[in-house]
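Engineer: Protein chains in written order, with my numbering: chain X, 83 to 369; chain E, 298 to 576.
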């Protein structure tokens with residue numbers, strides 16, 4: 083049973099440049115997702131557009147600034163802003179990242195990694211508890227894209243995420259592009275990662291594109307750029323996951339070099355087709 | 298037994314404290330290394346091969362810098378056009394180093410950029426640059442300002458003429474008034490595509506009204522009198538005081554015309570001394 087209330091179908095990142103196209107006619111998109119921090123102004127076009135989206139589609143709020151992976155206390159003012167946004171729009175889902183983004187009063191505008199130790203596990207559990215209590219709702223926590231590892235890590239990432247979820251009651255947001263990127267960057271197997279991932283705790287899937295390069299030693303270095311179509315290798319991993327779980331809400335993320343709406347919509351349709359096939363196979367297997 | 302339990306608890310609490318301190322320390326080092334390119338990657342980060350850690354750590358540095366530069370470029374396209382991409386990037390990098398974001402709300406990052414440009418030595422040859430950037434910073438704030446229903450003409454009819462001088466006004470939350478010794482509204486409009494690019498022969502100061510009537514932000518040139526009038530009203534001075542300041546700044550200030558403007562978009566509430574009149 084998936085966490086959360088998003089439809090078990092494909093959704094899209096909402097970008098303001100697509101609003102004219104989206105509002106002109108009903109779109110074959112199951113839900114839209116926004117970055118919470120982009121809607122923390124008081125009013126104007128951003129909120130007018132978000133009101134339209136909220137009134138016509140299921141909505142997912144995806145935050146980047148809550149700093150859950152930090153050794154510092156949570157920013158209570160930011161938690162209050164997130165709560166205010168949630169109360170204003172009543173989204174079907176609210177998610178954040180297993181990462182940190184602020185330290186020493188400076189916001190880094192990136193999702194930075196943390197070592198996976200008993201100490202960091204306790205800290206993340208405490209932060210997720212505080213966030214969920216503050217918001218009075220369950221969060222989904224997303225797995226990160228990794229470019230390196232920490233020597234001091236003693237807990238595998240999948241175990242870490244599962245431990246956080248079981249201790250706090252939060253759900254997980256499985257970003258399959260991040261799984262692929264992290265595995266490529268660390269010479270690991272994305273399939274092995276997914277085989278140990280607690281799929282029963284997944285409330286949403288993210289799919290996105292990445293930039294594939296190599297470091298100066300010739301080792302693969304993929305950057306989680308969110309600026310291109312989802313590659314077939316990532317879709318194949320997605321097929322593998324939903325073959326086991328059945329249909330899940332799946333978001334096509336495209337945040338940079340954003341294409342025209344028909345291009346993004348085609349990506350959403352591609353993903354929806356995969357979900358449809360998985361549902362058929364599951365029904366056939368059950369019959 | 299109780300003694301052993303207490304000792305275990307004490308050691309566990311100490312271990313947790315040490316754990317917490319270690320957590321803070323690795324994060325201090327990681328953060329410092331992201332901010333300072335001259336530092337090596339923090340100890341304890343590893344890549345598939347040892348030499349790769351430097352380049353992989355650089356991804357975080359690059360992500361941060363590229364995204365912050367992108368934010369400033371998006372917020373200040375006219376300033377960027379005026380000085381060119383290379384100069385803008387160099388100025389932006391120095392601004393980022395001196396004034397890193399302090400909030401996850403990146404929408405308003407760069408509020409301090411106009412003031413930085415005003416003091417930026419290499420930009421002294423472009424004296425209007427900072428003021429043009431001020432318009433752009435105000436535009437973002439106006440774009441995201443709270444929604445508010447403006448007063449209509451019927452509200453003007455509801456106020457007795459003789460009471461008008463003592464009235465105070467609440468201006469639309471998007472409104473900002475900017476003044477410059479340079480023709481910044483003209484320069485802005487030329488670079489925004491609202492006016493044809495042409496040499497400015499008659500170089501004089503201009504005042505700008507930034508206002509968002511509905512969803513689109515307007516940047517309008519206003520007179521010295523209008524600027525004084527609106528500034529006084531924004532400071533919650535009564536209409537009489539604002540009118541006096543306006544006439545002092547501009548001999549033929551059109552008071553009636555500007556009162557009409559208050560009641561057709563610029564003001565959202567009118568209050569008498571000691572009370573308020575519903576709009």
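Idealized CB from N, CA, C, for every residue including glycine.
Keep in mind it's a predicted model, so treat the numbers as computed, not measured.
By DSSP's criteria, residue 473 of chain E is part of a beta bridge. Which residues make up the other side?
Structural biologist: Its beta-bridge partners are E/507.
Engineer: Grouping DSSP H, G and I as helix and E and B as strand, with all else coil, what is residue 489 of chain E?
Structural biologist: Three-state DSSP puts residue 489 of chain E in a helix.
Engineer: Express the C-alpha separation of residue 357 of chain X and residue 225 of chain X in angstroms, rounding to a whole number.
Structural biologist: About 21 Å.
Engineer: With DSSP run on the structure shown, which of helix, strand or coil describes residue 342 of chain E?
Structural biologist: Residue 342 of chain E: strand per DSSP, three-state reduction.
Engineer: Is any beta-carbon of chain X found at less than 8 Å from that of residue 441 of chain E?
Structural biologist: Yes, residue 441 of chain E lies at the interface with chain X (some Cβ there is under 8 Å from its Cβ).
Engineer: Can you tell me whether residue 416 of chain E is buried or exposed, with buried defined as 16 or more other CB within 10 angstroms of its CB?
Structural biologist: Looking at its Cβ environment, which holds fewer than 16 other Cβ atoms inside 10 Å, residue 416 of chain E is exposed.
Engineer: Contact defined as beta carbons within less than 8 Å: I believe residue 118 of chain X pairs with residue 167 of chain X. What is the distance between those atoms, to the nearest angstrom?
Structural biologist: Rounded, the Cβ-Cβ distance is 6 Å, consistent with contact.
Engineer: Would residue 498 of chain E and residue 480 of chain E be called neighbours here (beta carbons separated by less than 8 Å)?
Structural biologist: The answer is no: Cβ separation not under 8 Å.
Engineer: In chain X, what lies closer than 7 Å to residue 382 of chain E by C-beta?
Structural biologist: Under the 7 Å cutoff, chain X gives no residues; its nearest Cβ is about 18 Å from residue 382 of chain E.
Engineer: Does chain X have any CB closer than 8 Å to the CB of residue 352 of chain E?
Structural biologist: Taking Cβ atoms only, chain X reaches closer than 8 Å to residue 352 of chain E, which makes this a yes.
Engineer: I think residue 235 of chain X touches residue 198 of chain X, with their Cβ atoms under 8 Å apart; what is that distance to the nearest whole Å?
Structural biologist: Rounded, the Cβ-Cβ distance is 4 Å, consistent with contact.
Engineer: With a 10 Å radius around its C-beta and 16 neighbouring C-beta atoms as the bar for buried, classify residue 233 of chain X as buried or exposed.
Structural biologist: Exposed, because fewer than 16 other Cβ atoms sit within 10 Å of the Cβ of residue 233 of chain X.
Engineer: Would you grab the beta carbon distance between residue 567 of chain E and residue 466 of chain E for me? Rounded to a whole angstrom, and I think it's under 8 Å.
Structural biologist: The Cβ separation is near 5 Å, so the contact holds.
Engineer: Between the alpha carbons of residue 363 of chain E and residue 120 of chain X, how many angstroms are there, rounded?
Structural biologist: Roughly 18 Å between the two C-alpha positions.
Engineer: Which full runs of the alpha helix (DSSP H) of 4+ residues lie inside the stretch 292-366 of chain X, going along the chain?
Structural biologist: As far as the stretch 292-366 of chain X is concerned, its whole alpha helix (DSSP H) runs of at least 4 residues are 314-327.
Engineer: Please report whether the beta-carbon of residue 98 of chain X lies at a distance below 8 Å from any beta-carbon of chain E.
Structural biologist: No, because no Cβ of chain E sits closer than 8 Å to the Cβ of residue 98 of chain X.
Engineer: Would you mind stating whether residue 143 of chain X and residue 113 of chain X have Cβ atoms separated by less than 8 Å?
Structural biologist: No, Cβ-Cβ distance for residue 143 of chain X and residue 113 of chain X is not below 8 Å.
Engineer: DSSP on residue 252 of chain X, reduced to helix/strand/coil?
Structural biologist: Of the three classes helix, strand and coil, the one that applies to residue 252 of chain X here is coil, per DSSP.
Engineer: Counting only beta-carbon separations shorter than 8 Å, does residue 160 of chain X have a partner in chain B?
Structural biologist: Given the protein chain composition of this structure (X and E), no chain B is represented.
Engineer: For residue 371 of chain X, write down the residues that DSSP places opposite it in a beta bridge.
Structural biologist: No answer is possible for residue 371 of chain X: it lies beyond the span of chain X, which begins at 83 and ends at 369.
Engineer: Taking residue 105 of chain X as part of the beta strand (DSSP E), name the residues at either end of that continuous run.
Structural biologist: Residue 105 of chain X -> not in any beta strand (DSSP E); alpha helix (DSSP H) instead, spanning 101-106.
Engineer: Which of the three DSSP states is assigned to residue 561 of chain E in this structure?
Structural biologist: If DSSP states are grouped into helix, strand and coil, residue 561 of chain E belongs with the helices.
Engineer: Any C-beta of chain E within less than 8 Å: which residues of the stretch 93-125 of chain X qualify?
Structural biologist: Flagged, chain order: 119, 120, 122, 123, 124 and 125.
Engineer: May I ask which residues mark the beginning and end of the beta strand (DSSP E) holding residue 412 of chain E?
Structural biologist: Run containing residue 412 of chain E: none in the beta strand (DSSP E); it sits in the alpha helix (DSSP H), 410-416.
Engineer: Rounded to a whole number of angstroms, what is the C-alpha to C-alpha distance between residue 247 of chain X and residue 262 of chain X?
Structural biologist: Those two C-alpha atoms are separated by around 22 Å.
Engineer: Could you tell me the distance, in whole angstroms, from the CA atom of residue 350 of chain X to the CA atom of residue 310 of chain X?
Structural biologist: Near 13 Å, if we compare the C-alpha coordinates of residue 310 of chain X and residue 350 of chain X.
Engineer: Relative to the alpha-carbon of residue 280 of chain X, which residue among X/313, X/242 and X/304 has its alpha-carbon at the smallest distance?
Structural biologist: Out of X/313, X/242 and X/304, X/242 has the C-alpha closest to the C-alpha of residue 280 of chain X.
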